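Taking it in order: structure first as structure tokens, then the write-up.
Residue numbers (the numbering used here): 128 to 341.
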């Protein structure tokens, strides 16, 4: 079954927020979901899953921690779950590189900031190397933490920048700066479980696109 890698060469881009919300929505749809938390220093995704397990009314999301060369572990786990979602560390790492050699889709969260966008050339090099071993690897950029105010130009500028990197097409969905993303975390929930508004719609559009890509 599919391995979804959520990774970036930069911290703070929203990898874990994306991971847990995609996992919650897939679980709501009846999928058996496992998060593989690869962050050695801060196990945010696995902590969220443990908090979630305390509420038996919520669809279960499994989580484990794995570090180092994760290729063989992911290969084994993908046969046991409907979806395996890998939350990679926020930097170039062995975990990210080895996950790229087995993943079906790599989603790269990127904020509409020049520091984030400047990581794209390095990501292209990593992707080309990974595809030598994993030709089936698909890659997409996801805009995250996008301003919601109507006069914002950052989103359009980021879209223009990403067009220069056809190796990393941009997924249509985008996650914006919304309080619901922060509020859902302490209870081990996704925004789909606390909100009927824009944040919920964003995640559902994203998951629909992910399933189409896969």
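Cβ atoms here follow ideal geometry from the backbone N, Cα and C, with glycine treated the same way. Just so you know, these numbers come straight off a predicted model, no measurement behind them.
- Under the criterion of beta carbons closer than 8 Å, residue 315 and residue 179 qualify as touching, at roughly 3 Å.
- Taking all protein chains in view, the Cβ of residue 260 is surrounded by fewer than 16 other Cβ atoms within 10 Å, so the residue is classified as exposed.
- Going by beta carbons, residue 280 and residue 237 fall outside the 9 Å limit.
- Comparing alpha carbon positions, the residue from 142, 143, 148 closest to residue 318 is 148.
- In this structure, residue 129 lies near residue 341, with their beta-carbon atoms less than 9 Å apart.
- Going by C-alpha positions, residue 247 is about 8 Å away from residue 292.
- Beta-carbon to beta-carbon, residue 161 and residue 191 are separated by about 7 Å, close enough to satisfy the 8 Å threshold.
- Sequence-distant Cβ neighbours of residue 188 in its own chain, meaning closer than 7 Å and more than five residues away, are 150, 151, 154, 160, 162, 176, 179.
- Here residue 205 has 128, 130, 211 as same chain residues with Cβ atoms under 6 Å from its own Cβ, once five neighbours each way along the sequence are excluded.
- DSSP assignment within the segment 141 to 182 yields the following whole alpha helix (DSSP H) runs of 4 residues or more, N-terminal first: 142 to 155, 171 to 180.
- Ranking 308, 337, 146, 243 by CA distance to the CA of residue 327 puts 308 first.
- Under the 10 Å beta carbon count, residue 168 is surrounded by fewer than 16 other beta carbons and is classified as exposed.
- The beta carbons of residue 332 and residue 300 sit closer together than 9 Å.
- The C-alpha of residue 141 is placed about 19 Å away from the C-alpha of residue 320.
- Here DSSP, grouped into helix, strand and coil, assigns residue 328 to helix.
- Secondary-structure assignment with DSSP links residue 233 through a beta bridge to 132, 266.
- For residue 210, the enclosing beta strand (DSSP E) covers residues 210 to 214.
- Here DSSP, grouped into helix, strand and coil, assigns residue 300 to strand.
- With at least 16 other beta carbons inside 10 angstroms of its own, residue 198 counts as buried.
- A direct Cα-Cα distance of roughly 11 Å separates residue 264 from residue 295.
- Residues of the same chain with a CB within less than 7 Å of the CB of residue 288, apart from the 5 flanking positions on each side, are 244 in chain order.
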